[in-house]
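Undergrad:
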Amino acid sequence: MQRRAVTGVLAAAVLLVAGCSSGGSSPGGGGGSGGAPSRTAVAPASSAPDRESAPPAKGSVKVLRTVAQGLNSPWGLAELPGGALVVSSRDEATITRVDAKTGRTTLLGTVSGVAPEGEGGLLGIALSPRFASDHLIYAYFTSASDNRIVRMLYDPAKPAGEQLGAPDTVFKGIPKGFIHNGGRIAFGPDGMLYAGTGESGQRGLAQDKENLGGKILRLTPEGEPAPGNPFPGSPVYSYGHRNVQGLAWDDKQRLLASEFGQDTWDELNAIKPGDNYGWPDAEGRSDDPRYHDPIAQWHTDVASPSGIAYAEGSIWMAGLKGERLWRIPLKGTRAAAAPQAFLTHTYGRLRTVLPAGDGRLWLVTSNTDGRGDPKKGDDRILELQVS
Numbered sequence: 260m261q262r263r264a265v266t267g268v269l270a271a272a273v274l275l276v277a278g279c280s281s282g283g284s285s286p287g288g289g290g291g292s293g294g295a296p297s298r299t300a301v302a303p304a305s306s307a308p309d310r311e312s313a314p315p316a317k318g319s320v321k322v323l324r325t326v327a328q329g330l331n332s333p334w335g336l337a338e339l340p341g342g343a344l345v346v347s348s349r350d351e352a353t354i355t356r357v358d359a360k361t362g363r364t365t366l367l368g369t370v371s372g373v374a375p376e377g378e379g380g381l382l383g384i385a386l387s388p389r390f391a392s393d394h395l396i397y398a399y400f401t402s403a404s405d406n407r408i409v410r411m412l413y414d415p416a417k418p419a420g421e422q423l424g425a426p427d428t429v430f431k432g433i434p435k436g437f438i439h440n441g442g443r444i445a446f447g448p449d450g451m452l453y454a455g456t457g458e459s460g461q462r463g464l465a466q467d468k469e470n471l472g473g474k475i476l477r478l479t480p481e482g483e484p485a486p487g488n489p490f491p492g493s494p495v496y497s498y499g500h501r502n503v504q505g506l507a508w509d510d511k512q513r514l515l516a517s518e519f520g521q522d523t524w525d526e527l528n529a530i531k532p533g534d535n536y537g538w539p540d541a542e543g544r545s546d547d548p549r550y551h552d553p554i555a556q557w558h559t560d561v562a563s564p565s566g567i568a569y570a571e572g573s574i575w576m577a578g579l580k581g582e583r584l585w586r587i588p589l590k591g592t593r594a595a596a597a598p599q600a601f602l603t604h605t606y607g608r609l610r611t612v613l614p615a616g617d618g619r620l621w622l623v624t625s626n627t628d629g630r631g632d633p634k635k636g637d638d639r640i641l642e643l644q645v646s
C-alpha cells in the first residue's frame with residue numbers, strides 16, 4: 260500500500276433498534292434478531308481471573324458550566340497546551356479556538372478542500388504528539404473524492420481567520436459516502452496516529468482487508484503504515500467495523516472504540532490488532548469465534564455512539580440519537596457493571612467527549628448537524644465533573 264492513496268468493548272448490555280447517527284437504516288440493512296428483544300443482555304465473564312481493580316458500579320455526573328455555545332455542527336475537539344480548546348465545524352469546515360475560562364471564540368481558519376455532505380465534512384481533529392515544537396493540528400475530512408487526513412501549521416501570532424496553514428495531505432483514499440464516514444482520529448500512547456473509518460454504506464468493504472473502509476487504521480505521524488501493524492505493509496489495525504467514531508485508551512494503554520450498529524446493536528469494543536469485529540456478518544454479540552464480541556452493546560434508540568473518553572476507571576460514551584452520556588465501568592477489558600446513563604434528553608444529541616483531567620470531561624453537543632433539534636439550544640461545550 261502507498262502513503263497517499265491506498266485502495267481498495269458486560270455485565271449488561273442495553274436495548275435495541277435501527278440506525279446510523281440518525282437512527283435510520285442505511286441501504287442494504289440486515290434484519291434484527293427474531294422475537295422481542297430483552298432489555299438487557301448479560302455477557303459471559305472472562306474465563307481467566309481478572310486481577311485488575313474496578314471502579315464503583317454506580318457513578319455520578321455534575322455539569323459544572325457551559326464553556327461556550329452558539330457553535331455550528333461541532334464535531335472534533337482537542338485541548339491545547341495551557342487549557343484552551345480547538346473545535347472543528349463539520350459543515351463550515353472551520354477550526355475555532357475556545358478560551359476554556361471565558362468562552363471567547365477565535366476563528367483559526369477554514370480548511371480548504373473540505374466537501375461537506377450528509378455525515379461528511381470536517382470531522383475529527385488531533386494535536387501532533389510534538390505539538391509544543393511543531394505546532395501541527397491534524398484533521399480528518401471528507402473531500403470531493405475521498406476521506407483523508409491532513410495536518411496544518413497553527414500560528415497564533417497571525418490574525419484571526421489566518422492562523423491555519425495550508426493543509427498537507429498525510430493520508431488519503433479512505434472511502435467516502437453520504438453516510439458512514441467514520442472520522443475520529445487520535446494519537447495513541449505509542450505516538451502513532453489512529454483513525455476510525457466507516458464503510459460508506461458499502462457493507463462489504465468492512466471485511467476487505469485491502470480496503471480502508473470499516474477499519475481502524477494505525478499510521479505514523481507522516482502517514483505511513485505504522486511499524487508492528489498486524490498486516491505487513493498495511494495501515495489496517497482492525498477490521499469488520501461498520502462506522503467507528505470513538506477512540507480512547509485506558510490506563511493500561513489498551514484501545515477501545517465505539518461503533519454504530521444498524522438494525523440491532525451499537526457496540527463498545529476492546530480492540531486487538533488484526534481482529535475481525537464482524538460487520539456485516541455479525542452485529543453485536545455473535546458467539547462466532549471468527550469475530551471479536553463487544554464489551555457492551557446498546558439498542559440504537561439509546562445510543563448511536565460517537566466520541567468516547569476514559570476517565571475515573573470508566574469509558575464515557577456520547578450518544579447521538581440516544582441523547583445521553585453513558586458510563587461503562589471497566590475491569591480489564593470487560594464491563595465491571597451495567598452501563599449507566601446520564602444527562603438523558605437534557606442537552607440533545609451528544610457528539611464528542613474528551614478528558615479534561617482531575618475527574619472532569621469536556622462534552623460537545625450536536626443539535627445543528629441536520630438531525631438534531633436546534634430548539635434544544637445552540638450547540639455548546641460543557642464542562643463535567645464525573646466519578
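Here the numbering used here is used: the first residue of the sequence shown is 260, the next is one more, and so on. Here a beta-carbon is modelled for each residue, glycine too, at the ideal position from N, C-alpha and C.
1. Measuring straight from C-alpha to C-alpha, what distance separates Trp-575 and Pro-489?
2. So Leu-382 and Gly-432 are supposed to be a Cβ contact under 8 Å. How far apart are they, rounded?
3. Between the Cα of Val-320 and those of Phe-437, Gly-533, Val-623, Gly-618, spot the shortest distance and give me the residue it belongs to.
4. How should His-604 be labelled, buried or exposed, when 16 other C-beta atoms within 10 angstroms of its C-beta is the threshold for buried?
5. Look up Lys-634 in the DSSP assignment and say whether it is helix, strand or coil.
6. So the candidates are Asp-534, Pro-564, Pro-491, Ser-497; which of them puts its Cα closest to the Cα of Glu-526?
7. Residue range of the alpha helix (DSSP H) that Ala-391 falls in?
8. Quick check on the burial criterion: 16 or more other C-beta atoms within 10 angstroms. Buried or exposed for Pro-494?
9. Helix, strand or coil for Asp-414? Go by DSSP, reduced to three states.
10. Whole beta strand (DSSP E) runs in the stretch 476-556 with 3 or more residues, listed along the chain?
11. Please tell me whether Asn-528 and Pro-548 are closer than 7 Å, where the distance is taken between their beta carbons.
12. Counting C-beta neighbours from all protein chains within 10 Å, is the total for Pro-633 16 or more, i.e. buried, or is it exposed?
13. Just to confirm, are Gly-578 and Leu-620 a CB contact at a threshold of 7 Å?
14. Between Lys-417 and Gln-599, what straight-line distance do the alpha-carbon atoms span, to the nearest angstrom?
15. Kindly indicate which three-state DSSP category Arg-349 falls into: helix, strand or coil?
16. Would Pro-340 be called buried (16 or more neighbouring beta carbons within 10 Å of its own) or exposed?
17. Helix, strand or coil: which one does DSSP assign to Arg-462?
18. Compare the Cα-Cα distances from Leu-336 to each of Gly-318, Ala-359, Pro-532 and report the closest residue.
19. To the nearest angstrom, how far is it from the Cα of Pro-532 to the Cα of Asp-393?
20. Using a threshold of 7 Å, state whether the C-beta atoms of Pro-426 and Met-411 are closer than that.
21. Could you tell me the boundaries of the beta strand (DSSP E) in which Lys-590 lies?
22. What does DSSP give as the partner residue(s) for His-439 in the beta ladder?
23. Give me the DSSP bridge partner(s) of Leu-471.
TA: By the coordinates alone:
1. Trp-575 and Pro-489 have their C-alpha atoms roughly 28 Å apart.
2. No, Leu-382 and Gly-432 are not in contact; Cβ-Cβ is about 16 Å, not under 8 Å.
3. Nearest option by C-alpha distance: Gly-618.
4. Around the beta carbon of His-604, a 10 Å sphere encloses fewer than 16 other beta carbons of the protein chains shown; the residue is thus reported as exposed.
5. Helix.
6. Glu-526 has its Cα closest to that of Pro-564, out of Asp-534, Pro-564, Pro-491, Ser-497.
7. Ala-391 -> alpha helix (DSSP H) spans 390-393.
8. Pro-494 counts as buried, since no fewer than 16 other beta carbons sit within 10 angstroms of its beta carbon.
9. Note: Asp-414 maps to coil in three-state DSSP.
10. Annotation: the stretch 476-556 contains the following complete segments of the beta strand (DSSP E) (minimum length 3 residues), in chain order: 495-498, 503-508, 514-518, 524-529.
11. Cβ atoms of Asn-528 and Pro-548: not closer than 7 Å.
12. Under this definition Pro-633 is an exposed residue.
13. No.
14. Cα-Cα distance, rounded: 45 Å.
15. Coil, per DSSP.
16. Exposed, since its Cβ has fewer than 16 Cβ neighbours within 10 Å.
17. Of the three classes helix, strand and coil, the one that applies to Arg-462 here is helix, per DSSP.
18. Of the listed residues, the one whose Cα sits closest to Leu-336 is Ala-359.
19. Each residue's Cα considered, the two are about 29 Å apart.
20. Result yes, Cβ atoms of Pro-426 and Met-411 sit closer than 7 Å.
21. Lys-590: member of the beta strand (DSSP E) spanning 584-590, first to last residue.
22. As DSSP reads the structure, His-439 sits in no beta bridge.
23. According to DSSP, Leu-471 bridges with nothing at all.
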